[in-house]
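Numbering (the UniProt record's numbering), first residue to last: 1 to 268.
Glycine included, each C-beta is placed from N, C-alpha and C at the ideal position.
Treat the numbers as computed from the prediction; the structure is a model and nothing was measured.
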(Lines of atoms letter the chains of each structure in order from A and count residues from 1; the text may use other names and numbers.)
(Lines give C-alpha, C1' and ligand atoms only; values in the text may rest on other atoms or scores of the structure.)
Protein backbone atom coordinates (compact mmCIF):
# COMPACT_ATOMS: atom_id res chain seq x y z
CA UNK A 1 0.00 0.00 0.00
CA UNK A 2 1.24 3.49 -0.85
CA UNK A 3 1.82 5.34 2.42
CA UNK A 4 0.76 8.99 2.12
CA UNK A 5 1.95 9.98 5.59
CA UNK A 6 4.33 12.95 5.36
CA UNK A 7 4.17 12.85 1.54
CA UNK A 8 3.62 16.05 -0.44
CA UNK A 9 0.55 15.88 -2.68
CA UNK A 10 -0.53 18.53 -5.17
CA UNK A 11 -4.28 18.49 -5.91
CA UNK A 12 -5.63 20.63 -8.74
CA UNK A 13 -9.27 21.63 -8.69
CA UNK A 14 -8.75 21.10 -4.99
CA UNK A 15 -11.42 23.39 -3.56
CA UNK A 16 -14.60 21.43 -4.37
CA UNK A 17 -15.96 18.08 -5.54
CA UNK A 18 -13.60 15.19 -6.18
CA UNK A 19 -10.57 17.39 -5.54
CA UNK A 20 -11.84 18.40 -2.10
CA UNK A 21 -12.68 14.76 -1.36
CA UNK A 22 -9.11 13.76 -2.25
CA UNK A 23 -7.82 16.54 -0.01
CA UNK A 24 -9.97 15.41 2.92
CA UNK A 25 -9.00 11.74 2.64
CA UNK A 26 -5.30 12.47 2.17
CA UNK A 27 -5.29 14.89 5.09
CA UNK A 28 -6.75 12.05 7.15
CA UNK A 29 -3.81 9.94 5.94
CA UNK A 30 -1.41 12.66 7.16
CA UNK A 31 -0.23 13.92 3.76
CA UNK A 32 1.08 17.45 3.31
CA UNK A 33 -1.20 19.10 0.76
CA UNK A 34 -0.86 21.80 -1.85
CA UNK A 35 -4.32 22.71 -3.16
CA UNK A 36 -4.60 24.52 -6.48
CA UNK A 37 -7.73 26.22 -7.86
CA UNK A 38 -8.92 29.61 -9.05
CA UNK A 39 -10.84 30.64 -5.92
CA UNK A 40 -8.42 31.60 -3.15
CA UNK A 41 -11.10 32.23 -0.51
CA UNK A 42 -12.63 28.77 -0.90
CA UNK A 43 -9.16 27.18 -0.91
CA UNK A 44 -8.19 28.90 2.32
CA UNK A 45 -11.45 27.91 3.99
CA UNK A 46 -10.93 24.25 3.10
CA UNK A 47 -7.27 24.38 4.12
CA UNK A 48 -8.17 25.80 7.52
CA UNK A 49 -10.79 23.13 8.15
CA UNK A 50 -8.41 20.32 7.15
CA UNK A 51 -5.64 21.67 9.35
CA UNK A 52 -8.03 21.97 12.28
CA UNK A 53 -9.43 18.46 11.77
CA UNK A 54 -6.20 16.60 11.08
CA UNK A 55 -3.32 18.84 12.16
CA UNK A 56 -1.65 18.70 8.75
CA UNK A 57 0.04 21.46 6.78
CA UNK A 58 -2.04 22.65 3.82
CA UNK A 59 -0.69 25.17 1.32
CA UNK A 60 -2.93 26.92 -1.21
CA UNK A 61 -2.17 28.32 -4.66
CA UNK A 62 -4.77 30.42 -6.46
CA UNK A 63 -4.13 29.86 -10.17
CA UNK A 64 -6.18 29.64 -13.35
CA UNK A 65 -4.63 26.54 -14.90
CA UNK A 66 -6.12 27.26 -18.33
CA UNK A 67 -3.86 30.30 -18.67
CA UNK A 68 -0.50 30.06 -20.48
CA UNK A 69 2.42 29.29 -18.19
CA UNK A 70 0.24 28.21 -15.25
CA UNK A 71 1.91 24.82 -14.80
CA UNK A 72 5.38 26.32 -14.49
CA UNK A 73 4.07 28.96 -12.07
CA UNK A 74 2.60 26.21 -9.91
CA UNK A 75 5.85 24.20 -10.01
CA UNK A 76 7.93 27.25 -9.13
CA UNK A 77 5.58 28.15 -6.27
CA UNK A 78 5.68 24.61 -4.87
CA UNK A 79 9.47 24.48 -5.08
CA UNK A 80 9.58 27.95 -3.58
CA UNK A 81 7.93 26.48 -0.50
CA UNK A 82 10.83 24.06 -0.26
CA UNK A 83 8.68 21.09 -1.26
CA UNK A 84 9.38 18.13 -3.55
CA UNK A 85 6.19 16.54 -4.84
CA UNK A 86 5.46 12.86 -4.22
CA UNK A 87 2.03 12.63 -5.83
CA UNK A 88 0.24 14.87 -8.34
CA UNK A 89 -3.54 14.65 -8.65
CA UNK A 90 -4.72 16.29 -11.86
CA UNK A 91 -8.39 16.81 -11.10
CA UNK A 92 -9.11 20.27 -12.53
CA UNK A 93 -11.43 20.24 -15.51
CA UNK A 94 -14.90 21.13 -16.74
CA UNK A 95 -17.48 20.21 -19.36
CA UNK A 96 -19.67 22.20 -21.72
CA UNK A 97 -23.03 20.78 -22.79
CA UNK A 98 -25.24 21.43 -25.77
CA UNK A 99 -25.13 21.28 -29.57
CA UNK A 100 -21.55 21.79 -30.71
CA UNK A 101 -22.31 24.99 -32.65
CA UNK A 102 -24.27 26.43 -29.71
CA UNK A 103 -21.31 26.37 -27.31
CA UNK A 104 -18.92 29.24 -27.85
CA UNK A 105 -15.54 28.46 -29.38
CA UNK A 106 -13.92 30.36 -26.50
CA UNK A 107 -15.53 28.02 -23.97
CA UNK A 108 -14.57 24.89 -25.89
CA UNK A 109 -10.99 26.07 -26.33
CA UNK A 110 -10.76 26.78 -22.59
CA UNK A 111 -12.07 23.25 -21.99
CA UNK A 112 -9.27 21.80 -24.12
CA UNK A 113 -6.65 24.04 -22.52
CA UNK A 114 -7.66 22.96 -19.00
CA UNK A 115 -8.64 19.32 -19.49
CA UNK A 116 -5.69 18.48 -21.76
CA UNK A 117 -3.12 21.27 -21.94
CA UNK A 118 -2.79 21.97 -18.22
CA UNK A 119 -2.83 18.28 -17.35
CA UNK A 120 -0.01 17.47 -19.78
CA UNK A 121 2.06 20.46 -18.69
CA UNK A 122 1.66 19.75 -14.98
CA UNK A 123 2.56 16.10 -15.48
CA UNK A 124 5.64 17.14 -17.46
CA UNK A 125 6.96 19.72 -15.02
CA UNK A 126 6.45 17.51 -11.95
CA UNK A 127 7.68 14.17 -13.38
CA UNK A 128 11.27 14.72 -12.20
CA UNK A 129 9.94 15.14 -8.64
CA UNK A 130 7.68 12.10 -8.93
CA UNK A 131 10.50 9.87 -10.19
CA UNK A 132 12.92 11.11 -7.56
CA UNK A 133 10.39 10.39 -4.81
CA UNK A 134 9.10 7.13 -6.37
CA UNK A 135 5.59 8.58 -6.31
CA UNK A 136 3.01 9.01 -9.01
CA UNK A 137 0.16 10.86 -10.63
CA UNK A 138 -3.60 10.35 -10.60
CA UNK A 139 -5.31 11.80 -13.67
CA UNK A 140 -9.05 12.25 -13.21
CA UNK A 141 -10.57 11.15 -16.51
CA UNK A 142 -14.18 9.98 -16.96
CA UNK A 143 -16.31 7.13 -18.25
CA UNK A 144 -16.86 9.53 -21.17
CA UNK A 145 -13.32 8.58 -22.22
CA UNK A 146 -14.51 5.25 -23.60
CA UNK A 147 -16.94 6.44 -26.27
CA UNK A 148 -18.08 9.48 -28.20
CA UNK A 149 -20.60 11.59 -26.30
CA UNK A 150 -22.74 13.80 -28.56
CA UNK A 151 -23.63 17.18 -27.02
CA UNK A 152 -20.48 16.86 -24.87
CA UNK A 153 -18.18 16.14 -27.80
CA UNK A 154 -15.16 18.15 -26.67
CA UNK A 155 -15.36 16.95 -23.07
CA UNK A 156 -15.52 13.26 -24.03
CA UNK A 157 -12.69 13.68 -26.53
CA UNK A 158 -10.57 15.45 -23.92
CA UNK A 159 -11.08 12.61 -21.46
CA UNK A 160 -10.27 10.02 -24.15
CA UNK A 161 -6.96 11.85 -24.49
CA UNK A 162 -6.40 11.71 -20.72
CA UNK A 163 -7.06 7.96 -20.63
CA UNK A 164 -4.75 7.17 -23.56
CA UNK A 165 -2.05 9.54 -22.30
CA UNK A 166 -2.17 8.06 -18.80
CA UNK A 167 -2.00 4.44 -19.95
CA UNK A 168 0.98 5.27 -22.16
CA UNK A 169 2.84 6.91 -19.28
CA UNK A 170 1.93 4.02 -16.97
CA UNK A 171 3.70 1.62 -19.34
CA UNK A 172 6.60 4.01 -19.95
CA UNK A 173 7.37 4.88 -16.32
CA UNK A 174 6.32 1.85 -14.26
CA UNK A 175 9.83 0.35 -14.36
CA UNK A 176 11.17 3.70 -13.21
CA UNK A 177 9.05 3.61 -10.05
CA UNK A 178 6.37 6.10 -11.08
CA UNK A 179 2.71 5.14 -10.77
CA UNK A 180 0.25 6.61 -13.29
CA UNK A 181 -3.48 6.08 -12.89
CA UNK A 182 -6.44 7.29 -14.94
CA UNK A 183 -9.44 7.45 -12.62
CA UNK A 184 -12.69 7.20 -14.62
CA UNK A 185 -15.80 8.14 -12.64
CA UNK A 186 -19.29 8.45 -14.05
CA UNK A 187 -21.75 11.11 -12.91
CA UNK A 188 -20.63 12.26 -9.47
CA UNK A 189 -22.41 14.46 -6.94
CA UNK A 190 -20.21 17.55 -7.25
CA UNK A 191 -20.50 21.17 -8.48
CA UNK A 192 -19.34 19.88 -11.90
CA UNK A 193 -22.92 20.00 -13.20
CA UNK A 194 -23.40 23.59 -12.09
CA UNK A 195 -21.34 24.51 -15.16
CA UNK A 196 -22.11 21.62 -17.48
CA UNK A 197 -25.83 21.69 -16.66
CA UNK A 198 -27.90 19.10 -14.83
CA UNK A 199 -29.17 17.70 -18.13
CA UNK A 200 -25.65 16.44 -18.78
CA UNK A 201 -25.98 14.02 -15.86
CA UNK A 202 -27.07 10.54 -16.88
CA UNK A 203 -27.80 7.92 -14.24
CA UNK A 204 -27.44 7.98 -10.48
CA UNK A 205 -24.70 10.20 -9.12
CA UNK A 206 -21.96 8.64 -7.03
CA UNK A 207 -20.45 10.32 -4.00
CA UNK A 208 -17.09 12.03 -4.48
CA UNK A 209 -15.80 10.20 -1.42
CA UNK A 210 -16.52 6.79 -2.97
CA UNK A 211 -14.84 7.82 -6.23
CA UNK A 212 -11.75 8.79 -4.23
CA UNK A 213 -11.80 5.50 -2.34
CA UNK A 214 -11.82 3.50 -5.58
CA UNK A 215 -9.11 5.71 -7.05
CA UNK A 216 -6.75 5.32 -4.12
CA UNK A 217 -7.26 1.55 -4.03
CA UNK A 218 -6.30 1.38 -7.71
CA UNK A 219 -3.31 3.67 -7.11
CA UNK A 220 -2.18 1.32 -4.31
CA UNK A 221 -2.39 -1.57 -6.77
CA UNK A 222 -0.43 0.37 -9.42
CA UNK A 223 -3.19 -0.01 -12.01
CA UNK A 224 -3.18 1.98 -15.26
CA UNK A 225 -6.86 2.91 -15.03
CA UNK A 226 -9.97 2.19 -13.03
CA UNK A 227 -13.67 2.75 -13.72
CA UNK A 228 -15.81 3.64 -10.73
CA UNK A 229 -18.95 1.53 -10.40
CA UNK A 230 -20.01 -1.77 -11.94
CA UNK A 231 -22.66 -0.16 -14.15
CA UNK A 232 -20.13 2.36 -15.44
CA UNK A 233 -17.69 -0.47 -16.11
CA UNK A 234 -20.15 -2.28 -18.35
CA UNK A 235 -21.08 0.98 -20.09
CA UNK A 236 -17.39 1.60 -20.76
CA UNK A 237 -17.21 -1.82 -22.44
CA UNK A 238 -20.17 -1.11 -24.73
CA UNK A 239 -18.00 -0.06 -27.67
CA UNK A 240 -16.41 -3.53 -27.57
CA UNK A 241 -19.78 -5.27 -27.83
CA UNK A 242 -21.44 -2.97 -30.36
CA UNK A 243 -20.27 -0.88 -33.29
CA UNK A 244 -18.97 2.57 -32.48
CA UNK A 245 -21.70 4.03 -34.71
CA UNK A 246 -24.41 2.30 -32.68
CA UNK A 247 -22.92 3.50 -29.40
CA UNK A 248 -22.65 7.08 -30.69
CA UNK A 249 -26.29 7.07 -31.91
CA UNK A 250 -27.49 5.65 -28.59
CA UNK A 251 -25.48 8.23 -26.69
CA UNK A 252 -26.98 11.01 -28.85
CA UNK A 253 -30.48 9.79 -28.01
CA UNK A 254 -29.72 9.71 -24.29
CA UNK A 255 -27.85 13.02 -24.16
CA UNK A 256 -30.08 15.09 -26.47
CA UNK A 257 -31.02 18.33 -24.65
CA UNK A 258 -34.53 18.44 -23.26
CA UNK A 259 -34.46 22.20 -22.70
CA UNK A 260 -36.39 23.76 -25.62
CA UNK A 261 -33.84 26.52 -26.20
CA UNK A 262 -31.12 23.89 -26.73
CA UNK A 263 -33.16 21.18 -28.41
CA UNK A 264 -34.51 23.63 -31.01
CA UNK A 265 -30.97 24.10 -32.28
CA UNK A 266 -30.64 20.38 -32.82
CA UNK A 267 -33.91 19.09 -34.33
CA UNK A 268 -34.47 15.37 -34.86
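Just to confirm, are residue 60 and residue 81 a CB contact at a threshold of 7 Å?
Here residue 60 refers to the residue found at position 60 when the chain shown is read from its first residue. Here residue 81 refers to the residue found at position 81 when the chain shown is read from its first residue. Cβ atoms of residue 60 and residue 81: not closer than 7 Å.
For the alpha helix (DSSP H) containing residue 83, list its first residue and its last residue.
Here the question's residue 83 lines up with position 83 in the chain shown. Taken as a continuous stretch (DSSP letters only), residue 83 belongs to no alpha helix (DSSP H), as it is neither H nor E.
Have a look at the DSSP bridge pairing and note the partners of residue 59.
Stepping through the chain shown from its first residue, residue 59 is reached at position 59. Partner(s): 34.
Given residue 108, which residues of its chain have a CB within under 7 Å of its CB, disregarding the five upstream and five downstream residues?
Locating residue 108 in the chain shown gives position 108, counting from the first residue. Taken in chain order, the residues that qualify are 96, 154.
What residues match up with residue 178 in a beta bridge as DSSP calls it?
As a working note, residue 178 is residue 178 in the chain shown. In the DSSP assignment, no residue is bridged to residue 178.
Where are the alpha helix (DSSP H) runs, 4 residues long or more, that stay fully inside the segment 106-172, in chain order?
With a minimum length of 4 residues, the continuous alpha helix (DSSP H) runs that stay inside the segment 106-172 are 119-133.
Please state the DSSP three-state secondary structure of residue 225.
Numbered from its first residue, the chain shown carries residue 225 at position 225. Secondary structure of residue 225 (DSSP, three-state): strand.
Tell me which residue opens and which closes the beta strand (DSSP E) that residue 11 is part of.
The sequence position of residue 11 within the chain shown is 11, counting from 1. Note, residue 11: beta strand (DSSP E), 8-12.
According to DSSP, residues forming a beta bridge with residue 188:
As a working note, residue 188 is residue 188 in the chain shown. Beta-bridge pairing links residue 188 to 206.
Nearest-angstrom Cα distance between residue 77 and residue 122?
Position 77 of the chain shown, counted from the start, is the residue given in the question as residue 77. Position 122 of the chain shown, counted from the start, is the residue given in the question as residue 122. Computed Cα separation, rounded: 13 Å.
First and last residue of the alpha helix (DSSP H) that includes residue 67?
In the chain shown, residue 67 corresponds to position 67, counting from 1. In the DSSP annotation of this structure, residue 67 is not part of any alpha helix (DSSP H), being labelled neither H nor E.
Whole-angstrom Cβ separation of residue 87 and residue 7, contact assumed at under 8 Å?
Locating residue 87 in the chain shown gives position 87, counting from the first residue. Locating residue 7 in the chain shown gives position 7, counting from the first residue. That pair is a contact at about 6 Å.
Expressed to the nearest angstrom, what Euclidean distance is found between the alpha-carbon atoms of residue 124 and residue 152?
Here residue 124 refers to the residue found at position 124 when the chain shown is read from its first residue. Here residue 152 refers to the residue found at position 152 when the chain shown is read from its first residue. One C-alpha to the other measures close to 27 Å.
Output needed for residue 214: all residues of its chain with C-beta closer than 7 Å, excluding positions within five of it in sequence on either side, in chain order.
Indexing the chain shown from 1 puts residue 214 at position 214. 226, 228.
Beta carbon of residue 91 nearer than 7 Å to that of residue 12
Indexing the chain shown from 1 puts residue 91 at position 91. Indexing the chain shown from 1 puts residue 12 at position 12. A contact, by the Cβ cut-off of 7 Å.
Hey, residue 14 and residue 37 are a contact pair by Cβ (cut 8 Å); roughly how many whole angstroms apart?
Residue mapping note: residue 14 aligns to position 14 of the chain shown, counting from 1. Residue mapping note: residue 37 aligns to position 37 of the chain shown, counting from 1. Right, the Cβ-Cβ distance comes to about 5 Å (below 8 Å), so this counts as a contact.
Look at the alpha carbon of residue 164 and the alpha carbon of residue 171, and state the distance between them as a whole number of angstroms.
Counted from its first residue, the chain shown places residue 164 at position 164. Counted from its first residue, the chain shown places residue 171 at position 171. Those two C-alpha atoms are separated by around 11 Å.
Whose C-beta lies closer than 6 Å to the C-beta of residue 252 among residues of the same chain, with five residues either side of it excluded?
Looking up residue 252 in the chain shown gives position 252. Excluding residues within five positions, the ones whose Cβ falls inside 6 Å are 150.
Have a look at 29, 117, 53 and flag the residue whose alpha-carbon is nearest the alpha-carbon of residue 158.
Translated into positions along the chain shown, residue 158 becomes position 158. Comparing C-alpha distances from residue 158 to each of 29, 117, 53 shows the shortest one belongs to 117.
Please say whether residue 120 and residue 141 have beta carbons closer to each other than 7 Å?
Looking up residue 141 in the chain shown gives position 141. Looking up residue 120 in the chain shown gives position 120. Result no, Cβ atoms of residue 141 and residue 120 do not sit closer than 7 Å.
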